[in-house]
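Below is one structure; the comments refer to it alone.
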Amino acid sequence: LLEAGELPSHLVVPIPQHSSWLGEVSAPCASLLRGLFELRPALRLGGRNIAALRTHCWLRERGVADWAALQAKTLAPFFRPGKRFIRDGFQPLESCDERRLDEARLLQTHASLSP
388 LLEAGELPSH
398 LVVPIPQHSS
408 WLGEVSAPCA
418 SLLRGLFELR
428 PALRLGGRNI
438 AALRTHCWLR
448 ERGVADWAAL
458 QAKTLAPFFR
468 PGKRFIRDGF
478 QPLESCDERR
488 LDEARLLQTH
498 ASLSP
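Plus 387 on top of the position in the sequence shown (first one is 1) and you've got my numbering.
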């Protein structure tokens with residue numbers, strides 16, 4: 388049984404604490420990812436207040452305060468995937484039928500959560 392406001396597990400993006408190609412995922416990084424991957428727009432990081440996204444501790448730790456430079460793509464990236472990342476991190480796509488079924492389940496669940 389789900390608690391009030393809780394999403395079914397298949398709608399929650401799991402955030403690993405360790406990745407074979409990135410190493411340890413810090414708590415601030417996991418917090419940022421959870422906030423961005425939130426399915427419900429009203430609860431999504433920056434969904435109601437963009438300042439919450441702009442001032443997130445993981446972004447502040449990396450000096451992302453110049454949003455104009457970020458939008459203009461003049462900031463140097465923090466991570467550039469190389470061939471090993473692409474080779475080792477690539478997961479083959481599911482079959483089209485499996486994806487359609489997952490999308491249908493997602494739409495049904497989303498419709499049942501909407502007021």
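For glycine and all other residues, C-beta sits at the position ideal for the given N, C-alpha and C. The structure presented is a predicted model; accordingly, all values stated were derived computationally and were not measured.
Suppose the cutoff is 6 Å on Cβ atoms and the five residues either side in sequence are ignored; what does the same chain contact list for Trp445 look like?
The residues are Pro415, Cys416 and Leu419.
Helix, strand or coil at Glu411 [DSSP, three-state]
Here Glu411 sits in strand by DSSP.
Please identify the residue among Gln404, Gly410 and Pro428 whose C-alpha is closest to the C-alpha of Phe466.
The shortest Cα separation from Phe466 among Gln404, Gly410 and Pro428 belongs to Gly410.
In whole angstroms, give me the CA-to-CA distance for Ser413 and Ser406.
When rounded, the separation of the alpha-carbon atoms in Ser413 and Ser406 is 11 Å.
Under 6 Å from any heavy atom of the ligand ZN, does the C-beta of Lys460 make it?
The ligand ZN is absent from the structure shown, which contains no ligand whatsoever.
Label His443 either buried or exposed according to how many other C-beta atoms from any shown protein chain fall within 10 Å of its C-beta, with 16 as the threshold for buried.
Its Cβ being crowded by 16 or more others within 10 Å, His443 is buried.
Counting only the same chain and skipping the five closest in sequence on each side, list residues whose C-beta sits under 7 Å from that of Ile402.
Within the same chain, Ile402 has close Cβ partners Val412, Ala417, Leu420 and Arg421.
Does His443 come out as helix, strand or coil in the three-state DSSP assignment?
Here His443 sits in coil by DSSP.
Figure out for me which residue from Ala452, Ala456, Glu393 and Asp453 has the closest Cα to the Cα of Arg427.
Comparing Cα-Cα distances from Arg427 to each of Ala452, Ala456, Glu393 and Asp453, the minimum goes to Glu393.
Would you kindly report the start and end of the unbroken alpha helix (DSSP H) that includes Ala455?
Taken as a continuous stretch (DSSP letters only), the alpha helix (DSSP H) holding Ala455 covers Trp454 to Gln458.
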